[in-house]
DNA sequence: TATTGTTATACTCTATAACTATA
DNA sequence: TATAGTTATAGAGTATAACAATA
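Protein chains in written order, with my numbering: chain A, 76 to 223; chain B, 76 to 223.
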């Protein structure tokens, strides 16, 4: 087998950024419908999911884990705070840090709407098989942590 | 092994939409730098990559393949047309269709900048192994085509 | 009637820089 | 000096609906 020259152009279905995006779009379509019904943006949902998992995080950590720029995090957490879904307060030990904590109401929203996400996941496991899905998640984790 | 109840909440690292996004962000970071240098947005680059592959497409096909809404495609292809990177003309056989074709200049831009994407890909293949990357791409293709 | 695309609109996110406060 | 976050701003994308043209 010969290696392609550096200038060769991969078909887009084998280009990772596009392939990752297309796969994500398929999964997100029904989730977007759900979010639209409860009046949350994708970004707000990611922040709530992240906070539901960790309870309390500083904004930089939210930025990393929810894949949002820090100015976006500031704006969105303020908005979510005004909706009563989280609280914001500066850290006692390092006053530069703004801690963000999910409220009971925020957790309730997540719990009430996680079922659809789980149904989608079950559907995918049924179609692809649990082992394949686990392999996929492992590969995605490896990819995420690569130093490029 | 017991199955989780429907209301169980998966950790975000094992939630496909977030895992796909995080992996993609790692790969996109250096590509964004490149795009910023040549003054193209991610979306413009996706459209150019797609057109480079297929030569000529109608807008709905671009919308599907580049994961963009049709109004966005209209706006962006008009902008790319004014940059001389593609041409737009209505289809002779079905006048409703707006065909979009990449120009030589558009192809040149793609070719001049595809090297970095290939280097990243080679790096990933070196670290994960070619077989794993192929498996990943196969899984992503399966996922994309699922009817959910 | 359905399809293809355009336009308009409001909203949201992205990206960057300049800034404040704290360490 | 470096870090954490905020604010401001411009630009771009998202999402929806209403519309026109064509099939």
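Beta carbons: idealized from backbone N, C-alpha and C, even for Gly.
- DSSP places residue 116 of chain B in the coil class of the three-state scheme, outside both helix and strand.
- Note: residue 173 of chain B is bridge-paired with B/165 in the DSSP secondary-structure output.
- Taken in chain order, the members of the region 156-189 of chain A whose beta-carbon sits within less than 8 Å of a beta-carbon on chain B are 185, 186 and 189.
- Counting along the chain, residue 222 of chain A sits inside no beta strand (DSSP E), nor does DSSP assign it H or E at all.
- Interface flag for residue 96 of chain A against chain B is set, since a Cβ pair is found closer than 9 Å.
- Cα atoms of residue 120 of chain A and residue 185 of chain A: separation of roughly 8 Å, rounded to the nearest angstrom.
- CA-to-CA, the gap between residue 212 of chain B and residue 102 of chain B works out to about 14 Å.
- DSSP, read as helix, strand or coil, puts residue 133 of chain B in strand.
- Three or more beta-carbon pairs separated by less than 8 Å are not found between the region 167-183 of chain B and the region 188-201 of chain A, which leaves the two stretches without contact.
- Listed by position along chain B, the residues whose Cβ is nearer than 7 Å to that of residue 219 of chain A are 97, 98 and 101.
- Around residue 88 of chain B, the beta-carbon contacts reaching into chain A at under 7 Å are 216.
- By the neighbour-count criterion, in which 16 or more other beta carbons inside 10 Å mark a residue as buried, residue 155 of chain A falls on the buried side.
- With a threshold of 9 Å between beta carbons, residue 148 of chain A makes no contact with chain B.
- In the three-state DSSP reduction, residue 180 of chain A falls in the helix class (H, G or I).
- Setting aside the 5 residues that flank it on each side, residue 107 of chain B is surrounded in the same chain by 117, each with a C-beta closer than 8 Å to its C-beta; the list follows chain order.
- Under the three-state reduction of DSSP output, residue 106 of chain B falls in the helix class.
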